[in-house]
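See structure below.
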Amino acid sequence: MTAKLVLENLKHRPMRSLLSILLIGVPVTLILCLVGLSHGFIEDSQKRARGIGADILMRPKTSSLLSLNGAPIPSQMVGFLARQPHVTMATGVLSVTVEGVTLGATGINYQEFTRMCGGFNFRSGGAFQRPDDVILDDYYASQTKAQPGDTITLLNTKWHVSGIMESGKLSHIVLPIATLQERIGNQANVNQIYLKLDDPANTDATVKYLLAIPGLEGYPIYSMEEFTSLLNVNNIPALAGFIAVVMGIGVVIGFAVVCLSMYMAVLQRTREIGILKSLGASKAFILGIILSEAFFLGLGGTILGILMSYGAAALIHALKPASLPMVIVYEWWWYAGAITVVGALLGALYPGLTAASHDPIEALSYE
Amino acid sequence: MNNGDIIQIRDLCKTYRVGKVDVPALRGVDLDVPKGHFLSIIGPSGSGKSTLFHIIGGLTPPTSGKVVVDGKDLSAMTDAGRTRMRKRTVGFVFQKFNLLPNLTARDNIAVARFIGGTDAKPEPEFEEVLRLLGINDRLDHKPNALSGGEQQRVAIARAIVNHPAILLADEPTGNLDTENSKAVLDVLRDLNQRLGQTILMITHNPEAAAYGNSTVHMRDGRITERT
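See below:
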């Protein structure tokens, strides 16, 4: 009977209920989008790293996991590393940022790189034929509507599209390394070196061996397995804190929306509260009704927020497929839901206590 | 005082504080009501009859004096105790019907059962009461789809569904036309005569008051006449 009373109360003021649910849903969507984008970015980076097919990665000194800032690596290092025990192949690449933090281009030695990764899977067009050729992945090609044979502008210079590849290897844009080095004035340098070994079982020993070579100390040298495992939300500076702040905002918004909404509801239903009290309803019963309504509003807001996060993911994919990839992180539904419901219940506490303490005679005479 | 009296009131006073001013609403009321009696209370506005109702119904505590309802001393009761008493000892019928607007008539009755601590579905015998009230085919409508008379009869059904010792009706015909007023008063009399329901009814209307077994007249917070 309590559930029926609560649901009928919510149905009786549909606009108030729907607006409350919408406003509660917005921070849920924000939380899920932020988490989804973080996880999507990480998963995408892991997938691209694994797609290269290397066993060991060397990055510039002072670089971070997600940024290649720092002193570049001399190209000669590629040949040096290729001569080390167990190393069967080495290739250096030069990664640059094209747009924001999410759209990067990578200069490669086509022959070396395709030998290491097994080649690109072309949707149309093919390998570099000219020094100014560029290969785009299908996401970026879809976003820019580029086709093989088109000319596009990247890094303030013109490039000729030679092929469209399936996404999942390295970055959205692949360029000939020599041309890229020349155009950005960074000749004879790379910023990542990938090594393939004779046997993946030798990876850890080889990493240890390389780190012990004089002159290589201080270079981050990872097995690819270790590098991809380090790519997680907890290893990205300030991201966990940022998510916590957004969650806090979610609680505050849920609290404020429900507090206002339920306070209005209590004012509108003063007479009905008087009726319930005249029937013998206790303070706990009245408080329970108000808290139950807040719970259902919080639940509705969570469900709507989840649905809106799917909408946001679809919108991002439709409008900017090569930007931040967003995934739906199911386990966060529970966190977002719990945060929202707690905020809603806290918000309903004051109106609920106000309603519970109404004098029945005054409430019954309320117009 | 008689042991068969379901209501025993002695020297009842109630004073409201309005701002910094004490306003006496009841100034020493003595009243005994036997079980199964239909008592009408008549008096002008401000005579204290509603305050008397609110005290008997446990909606507000007395300032002084003794009030015993169905063997329970209200003057010694806490707020929680009076809340418990309202569940099953008294049933209210108001001038403005006071049905919950978002529930059907059936659910309005069920809420009272639920709050009263029993199964929300009334006993099968209650169907007979609903037929007596003439609302058994209107139970699935919400209050805004019912006439004033029908709403008041639903309110009466809700008031008696927990078999209260006393039915308190505060101007039950005040918002009704003549025809519906008569129907509601007939129902109250039937409940009293057929089921032995003790009823206290406030009214301004002497014709309505005549439906009761006896009438008390109130003025300025006192009972001035008993007929």
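Those protein sequences? They're chains A and B, same order as listed. Letter by letter, the first sequence follows residues 1 to 367 of my numbering. Letter by letter, the second sequence follows residues 1 to 227 of my numbering. Yeah, the Cβ is synthetic: ideal placement off N, Cα and C, and Gly gets one too. Note that the structure is predicted; figures quoted are calculated from it, not measured.
Segment limits, alpha helix (DSSP H) that includes A/Q181: Numbered from 1 along the first sequence, position 181 holds the residue referred to as residue 181 of chain A. From DSSP, the alpha helix (DSSP H) with A/Q181 extends over I177 to R183.
Sub-8 angstroms separation of A/I369 and A/Y194 beta-carbons: With chain A covering 1 to 367 only, the question about residue 369 of chain A has no answer from this structure.
Residues near A/G337 in its chain [Cβ-Cβ closer than 6 angstroms; skip 5 each side]: On the first sequence, residue 337 of chain A is found 337 positions in, with the first residue counted as 1. Closer than 6 angstroms at the Cβ level, and outside the excluded window around A/G337, lie T302.
Closer than 8 angstroms to chain B by CB, A/G288: The count along the first sequence starts at 1 and reaches residue 288 of chain A at position 288. With 8 angstroms as the cut-off, A/G288 does not count as an interface residue toward chain B.
Strand pairing of A/G163, partner residues [DSSP]: Translated into the one-based positions of the first sequence, residue 163 of chain A becomes position 163. Answer is A/G125 and A/I135, bridged to A/G163.
Terminal residues of the alpha helix (DSSP H) in which A/I293 lies: Stepping through the first sequence from its first residue, residue 293 of chain A is reached at position 293. Per the sequence shown, the amino acid found at residue 293 of chain A is Glu instead of Ile. Unbroken alpha helix (DSSP H) run through A/E293: K283 to L319.
Assigned secondary structure, B/H141 (DSSP; H/G/I helix, E/B strand, else coil): Locating residue 141 of chain B in the second sequence gives position 141, counting from the first residue. Reduced to three states, the DSSP call for B/H141 is coil.
Cutoff 8 angstroms: B/G116 Cβ touching any chain A Cβ: On the second sequence, residue 116 of chain B is found 116 positions in, with the first residue counted as 1. Yes, contact with chain A.
Contacts that A/P373 makes with chain B (C-beta to C-beta distance below 7 angstroms): It is not possible to answer for residue 373 of chain A, since the shown part of chain A is limited to 1 through 367.
Given B/P124 as reference, the closest of B/P44, B/G148 and B/V161 once Cα atoms are compared: Position 124 of the second sequence, counted from the first residue, corresponds to residue 124 of chain B. Considering only alpha carbons, the answer is B/V161.
Assumed close pair A/I173, A/Y139 - CB separation to whole angstroms, cut-off 8 angstroms: Here the question's residue 173 of chain A lines up with position 173 in the first sequence. Here the question's residue 139 of chain A lines up with position 139 in the first sequence. No, A/I173 and A/Y139 are not in contact; Cβ-Cβ is about 10 angstroms, not under 8 angstroms.
Sub-8 angstroms separation of B/A159 and B/V67 beta-carbons: Position 159 of the second sequence, counted from the first residue, corresponds to residue 159 of chain B. Position 67 of the second sequence, counted from the first residue, corresponds to residue 67 of chain B. Against a cut-off of 8 angstroms, the Cβ pair of B/V67 and B/A159 comes out as no contact.
Local conformation of A/T354 per DSSP, three classes: Start at 1 with the first residue of the first sequence, and residue 354 of chain A comes out as number 354. Of the three classes helix, strand and coil, the one that applies to A/T354 here is helix, per DSSP.
8 angstroms contact criterion, which A/G36 and A/V327 should meet: CB distance rounded: By one-based count along the first sequence, residue 36 of chain A stands at place 36. By one-based count along the first sequence, residue 327 of chain A stands at place 327. Indeed they touch by this definition, with Cβ atoms about 5 angstroms apart.
Cβ-based neighbour list, B/N180, same chain, cut-off 8 angstroms, excluding 5 preceding and 5 following: Taking the second sequence and counting its residues from 1, the one referred to as residue 180 of chain B is at position 180. Result list for B/N180: S147, G148, G149, Q152 and T173, in chain order.
Neighbourhood of A/R130 by C-beta distance below 8 angstroms, restricted to the same chain and skipping five residues each side: Counted from its first residue, the first sequence places residue 130 of chain A at position 130. Around A/R130: H160 and S162.
Beta carbon of A/N189 nearer than 8 angstroms to that of A/S75: For the purposes of this step, residue 189 of chain A is taken as residue 189 along the first sequence, with counting starting at 1. For the purposes of this step, residue 75 of chain A is taken as residue 75 along the first sequence, with counting starting at 1. Yes, Cβ-Cβ distance for A/N189 and A/S75 is below 8 angstroms.
Three-state class that DSSP yields for A/I108 in the structure shown: Along the first sequence, read from residue 1 onward, the residue named residue 108 of chain A stands at position 108. Of the three classes helix, strand and coil, the one that applies to A/I108 here is strand, per DSSP.
8 angstroms Cβ cut-off: residues of chain A touching B/T63: Counting from 1 along the second sequence, the entry for residue 63 of chain B is found at position 63. Within chain A, no residue comes near B/T63; the closest Cβ sits about 14 angstroms away, beyond 8 angstroms.
Minimum C-alpha distance to A/K4 - residue among B/N102, B/L74, B/G65 and B/H204: The residue given as residue 4 of chain A occupies position 4 in the first sequence. Considering only alpha carbons, the answer is B/N102.
Distance, A/A313 Cα to A/N232 Cα: Against the first sequence, residue 232 of chain A aligns to sequence position 232. Against the first sequence, residue 313 of chain A aligns to sequence position 313. Each residue's Cα considered, the two are about 20 angstroms apart.
Neighbour list for B/A105 in chain A, Cβ cutoff strictly below 9 angstroms: Numbered from its first residue, the second sequence carries residue 105 of chain B at position 105. Chain A residues near B/A105: none, gap ~13 angstroms exceeds 9 angstroms.
Stretch pair the stretch 252–261 of chain A + the stretch 13–27 of chain A: three plus CB contacts closer than 8 angstroms: yes
Below-8 angstroms beta-carbon distance, A/I273 vs any chain B residue: For the purposes of this step, residue 273 of chain A is taken as the residue at position 273 of the first sequence. By this cut-off, A/I273 is not an interface position.
A/A281: contacting residues in chain B (beta-carbon distance under 9 angstroms): Start at 1 with the first residue of the first sequence, and residue 281 of chain A comes out as number 281. Here the neighbours are T83, R86, K87, V111 and I115.
Cβ neighbour criterion (16 or more within 10 Å) applied to A/W332: For the purposes of this step, residue 332 of chain A is taken as residue 332 along the first sequence, with counting starting at 1. Buried is the call here.
Beta-carbon separation (whole angstroms), B/L139 vs B/R106, contact threshold 8 angstroms: Within the second sequence, the letter at position 139 stands for residue 139 of chain B. Within the second sequence, the letter at position 106 stands for residue 106 of chain B. Confirmed, about 4 angstroms.
Sufficient close CB pairs (3 or more, under 8 angstroms) joining the stretch 176–192 of chain B to the stretch 22–33 of chain B: no
Bounding residues of the alpha helix (DSSP H) (the contiguous stretch that carries A/M89): Stepping through the first sequence from its first residue, residue 89 of chain A is reached at position 89. Premise fails: A/M89 lies in the beta strand (DSSP E), V87 to E99, not in any alpha helix (DSSP H).
Distance, A/G347 Cα to A/L297 Cα: Locating residue 297 of chain A in the first sequence gives position 297, counting from the first residue. Locating residue 347 of chain A in the first sequence gives position 347, counting from the first residue. Distance between the alpha carbons of A/L297 and A/G347 is about 11 angstroms.
Residues near A/I221 in its chain [Cβ-Cβ closer than 6 angstroms; skip 5 each side]: As a position in the first sequence, residue 221 of chain A is number 221, starting the count at 1. Counting only Cβ-Cβ distances below 6 angstroms, and skipping sequence neighbours, we find M58, V207, L210 and L211.
Residues of its chain near A/G149, where Cβ-Cβ distance is below 7 angstroms and the 5 sequence neighbours each way are ignored: Mapped onto the first sequence, residue 149 of chain A falls at position 149. Once the five neighbours on either side are set aside, the close Cβ partners of A/G149 are V161.
Buried versus exposed, by CB contacts within 10 Å (16 or more), A/I249: Here residue 249 of chain A is taken as the residue at index 249 of the first sequence, counted from 1. By the neighbour-count rule (16 or more Cβ atoms within 10 Å), A/I249 is not buried but exposed.
Simplified DSSP state of A/F41, which is helix, strand or coil: Within the first sequence, numbered from 1, the residue matching residue 41 of chain A stands at position 41. Note: A/F41 maps to helix in three-state DSSP.
DSSP three-state assignment for B/A93, whether helix, strand or coil: The count along the second sequence starts at 1 and reaches residue 93 of chain B at position 93. Going by the sequence as given, residue 93 of chain B is Val instead of Ala. Three-state DSSP puts B/V93 in a strand.
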